[in-house]
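Presented below is the structure to which this report refers.
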Amino acid sequence: MKKEKLLDLLNQMTLEEKVGQLIQVAGETFLMDDVDTTTGPLKDLNLSNEMLYNVGSILNVVGSEKIRKIQDEYLSKNRLKIPLLFMADVINGYRTVFPIPIAQGCSWSQKVVHDCTRVSIKEAGAAGTNVNFSPMVDLVRDSRWGRVMESVGGEDPYLGEVFAKTMIEAYQGEDISKLGNAAACVKHFAAYGAGEGGRDYNTVDMSEKEFRQYYLPAYQSAIREGAEMIMTSFNTINGIPATVNQWLLRDVLRKELGFQGVVISDYSAIEETINHGVSKDKKEAAYKAIMAGVDIDMMSSVYANNLKELVEEGKVPEEVLNESVLRVLTLKNKLGLFENPYGNTDEEREKKILKSKENLEEARRLSAETFVLLKNEKQTLPLEKNKKIALIGPYGNNIAILGSWSMFSDKSKIQTLKEVLEEKIGSENVLYAKGSEILREKEMNQILSADGGNIIHIENEEEKEKAYLEEAIEVAKQSDVIVLAIGEHYRQSGEACSRANIEISQIQQNLLNELAKLNKTIVTILFNGRPLVLKDIAEKTDALLEVWFPGTEGANAIIDVIFGEVNPSGKLTMSFPQATGQCPIYYNHYNTGRPHINNIRFASRYQDIPTDSYYPFGYGLSYSKFEYSDLKISSKKISQKAPITISVKVKNNSNLAGKEVIQLYIQDLVASNVRPVKELKGFKKVYFEAFEEKEITFEITIDMLKFWNEKLEYKAESGEFKVFVGTNARDTKELKFELI
Ligand code: NOJ
6 MKKEKLLDLL NQMTLEEKVG QLIQVAGETF LMDDVDTTTG PLKDLNLSNE
56 MLYNVGSILN VVGSEKIRKI QDEYLSKNRL KIPLLFMADV INGYRTVFPI
106 PIAQGCSWSQ KVVHDCTRVS IKEAGAAGTN VNFSPMVDLV RDSRWGRVME
156 SVGGEDPYLG EVFAKTMIEA YQGEDISKLG NAAACVKHFA AYGAGEGGRD
206 YNTVDMSEKE FRQYYLPAYQ SAIREGAEMI MTSFNTINGI PATVNQWLLR
256 DVLRKELGFQ GVVISDYSAI EETINHGVSK DKKEAAYKAI MAGVDIDMMS
306 SVYANNLKEL VEEGKVPEEV LNESVLRVLT LKNKLGLFEN PYGNTDEERE
356 KKILKSKENL EEARRLSAET FVLLKNEKQT LPLEKNKKIA LIGPYGNNIA
406 ILGSWSMFSD KSKIQTLKEV LEEKIGSENV LYAKGSEILR EKEMNQILSA
456 DGGNIIHIEN EEEKEKAYLE EAIEVAKQSD VIVLAIGEHY RQSGEACSRA
506 NIEISQIQQN LLNELAKLNK TIVTILFNGR PLVLKDIAEK TDALLEVWFP
556 GTEGANAIID VIFGEVNPSG KLTMSFPQAT GQCPIYYNHY NTGRPHINNI
606 RFASRYQDIP TDSYYPFGYG LSYSKFEYSD LKISSKKISQ KAPITISVKV
656 KNNSNLAGKE VIQLYIQDLV ASNVRPVKEL KGFKKVYFEA FEEKEITFEI
706 TIDMLKFWNE KLEYKAESGE FKVFVGTNAR DTKELKFELI
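Convert by adding 5 to the 1-based position in the sequence shown; the result is the number in this note's numbering.
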């Protein structure tokens, strides 16, 4: 449809119809036999029956059949036949689930992130999703925050930028109306990851310089790539909730970044500005949000019940309302919904595509690339196939390995580690014992009680704990090697899952402590959604493989890696702390006036732990052995006109082919503002044959040296810089150069 036609349509709309386009409700509403707005969820929303057939979009309903039904029913009653938009949270997969986003980022591979995203949206698109609430590009520095699991870029702004671009490309392609594409919704604008103390929804207060330097780039990258939609965040930014923050949404997002797409609030975030204490009631909340440029109100009745009145009273200019409505109509038009209101849905295609063999194979391959080998003493891994293995631990025979965003997944065919291990080496060679629960009853109920009564009870808990342990020890004694599968419960990470202690539960630590007394080789497989404090685990184990929540094909991928069919190549995108009290910890910190070197008393440090992270950013081992040498720079001086290059020789000094992520970091040694001790500026994931050596080259440009100063100017300052190349943020080779 041409723009003029959309404007015609807008002109024909009544005020109610316009407001309707800016409301989002749960789609199940339309599936009720007799839609009655005087009871149930609709009553809470205070939406009239009439208004229901004006609402513009639907949240989290999927499936061709359902979507067709809802769209048909809706269009039969909608006066101007404006189709509904279907939006969903397909975060790391639809029916086939891929590794959680933080894991995808640990592949340090745009291809891996792209392919996970692409298959997810092909499946979800076939099931009717028009808009996907992904990617989450929030920079995350505090592992206490449960949502670090959703961040592909982790603690690094550069990785955030790179992967934001990759994901937008993968979701939207060049034309979002084409088969297999959907509009992406970048979230959560902005700086949601910087909540104080890592507590979800908490206050964010930071300098604008800091915001622009570290937090803004990933959102900006997604916008540059053409992201169609943006979701506001729950937090405040410098005293004003993001959802009603005019500076953020009008000045930065619209004017400066040139974003022309749709802005949606997060779930009831407009209404929550009352709790924040900046809106006295829903009407004021509606006023503030629309004036800040929030187009759609997700799941609250604030717009539905107040916008019309606000326009009629002349408080909100109709022009402002029209702009928002036009943005929503434009998105529907770009998606081709006026011509085909069912979008990509097609029942036949849906059946064919969902969890097809190819998708499962992709998931297995991609999943293995996200694992991070944290420890491998005396080349414990890969394992030989002729060993008797004791598979122990609450994740040994457990299908809850998809992470917290897997509500649409098909769980029917997920295999457990036990099943695939038995297939691989024969059930006669696998001894299994559960060993322990993930959490004790009390700990589990601390989590579940917030769900409203859905708590668990473990009969004779202490006795059971003892029996599990005894069985595990018995089984372990008969084995050649112990594979211990432990981790966080999937309900311990994700939204509203902040933790004040990020250790493995005591009950699982006890299990490992007891097993360690047997002096057998222990390989620990770790399932979790955030960096954890791993010292006590790592010290008692010979090999440690971080598999995050690896998705539908996770068990197969683990088997591929532990038996050496796949050589691990993942690297951490977040620093792992020595203790919870060290959070937030990130590699690109400032030096301070008293950096901690050699245990000096009056230094910026904690008395009781080392100052470094336990595992640094960029860290991850391989079965191959990579050696770096011959760091060379093309010139010691760089100028506006002449970029320079830096090269390094990397050799795979082993008889196993493998991949290495070669990382480039820069430090501005003296500048007008303090600068981080290191900043990632480039990386290459390179495949090496056995004993192969390659020269790897990076270009250094002036753009890499720019930063935001206190006057909010973005520029590079002349002077000396250090450049580092290495296998992680800690182990690098370095040289100096000068910007003239
Ligand atoms: C709240 C979450 O913060 C957001 O990420 C999600 O997309 C919405 N709910 C919709 O489910």
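Beta carbons are placed, not taken as given, at the ideal position from N, Cα and C, and that holds for glycine.
Note that the structure is a prediction, hence the values are computed from the model and not measured.
Assuming residue i and residue j are in contact, meaning their beta carbons sit under 8 Å apart, how far apart are those beta carbons, in whole angstroms?
i    : j    : result
A477 : L444 : About 17 Å separates the two Cβ atoms, so there is no contact after all.
E684 : N572 : Not a contact, Cβ separation roughly 29 Å.
V283 : I235 : V283 to I235, Cβ: 21 Å. No contact.
D205 : W150 : 6 Å
V528 : I487 : 7 Å
N3   : A175 : Outside the shown range of the chain, which is 6 to 745, sits residue 3, and nothing can be said about it.
E404 : I430 : Before going on, a small fix: residue 404 reads as Ile here, not Glu. The Cβ separation is near 20 Å, so there is no contact.
Reducing DSSP to helix, strand and coil, say where residue i ends up.
i    : result
K711 : coil
F343 : coil
E157 : Sequence check: residue 157 is Val here, not Glu. In the structure shown, V157 sits in coil (DSSP, three-state: anything other than H, G, I, E or B).
S652 : strand
C121 : helix
Y620 : strand
K7   : coil
P106 : helix
S634 : strand
G408 : coil
Q17  : helix
A481 : helix
Y628 : coil
P615 : coil
G202 : helix
L221 : helix
K738 : strand
M211 : coil
Y670 : strand
Given 8 Å as the limit, tell me if residue i has its C-beta closer than that to any heavy atom belonging to the ligand NOJ.
i    : result
F776 : The requested residue 776 does not occur in the structure, where the chain is confined to residues 6 to 745.
L334 : no
M296 : no
E500 : yes
N593 : no
Y220 : no
N65  : yes
H462 : no
Y272 : yes
M303 : yes
H281 : no
F91  : no
M234 : no
M172 : no
D300 : no
D94  : yes
M141 : yes
H494 : no
K192 : yes
F239 : yes
Here's the rule: buried if 16 or more other CB atoms are within 10 angstroms of the residue's CB, otherwise exposed. What is residue i?
i    : result
Q583 : buried
A647 : exposed
Q265 : exposed
G158 : buried
H494 : buried
S432 : exposed
P322 : exposed
S634 : exposed
E276 : buried
A472 : exposed
W252 : exposed
V95  : buried
V675 : exposed
N561 : buried
S352 : What sits at residue 352 in the sequence shown is Glu, not Ser. Answer is exposed; the Cβ neighbour count stays below 16.
In chain order, which continuous runs of the alpha helix (DSSP H) of length 4 or greater are located wholly inside the region 414 to 445?
Unbroken alpha helix (DSSP H) stretches of 4 residues or longer found wholly inside the region 414 to 445: 422 to 430, given in chain order.
At 4 residues or longer, and completely inside the region 50 to 77: list those alpha helix (DSSP H) runs for me, N to C.
Here the runs fully enclosed are 54 to 57.
My parser needs the alpha helix (DSSP H) runs of 4 or more residues fully inside the region 290 to 372; what are they?
Fully enclosed alpha helix (DSSP H) runs of 4 or longer: 307 to 317, 323 to 339, 352 to 358.
Entirely within the region 528 to 609 and at least 4 residues each: give me those alpha helix (DSSP H) ranges in chain order.
Whole alpha helix (DSSP H) segments, 4+ residues: 540 to 544, 559 to 567.
Please list the segments of the beta strand (DSSP E) lying wholly inside the region 238 to 273, counting only runs of 3 or more residues, in order along the chain.
Runs of the beta strand (DSSP E) inside the region 238 to 273: 267 to 269.
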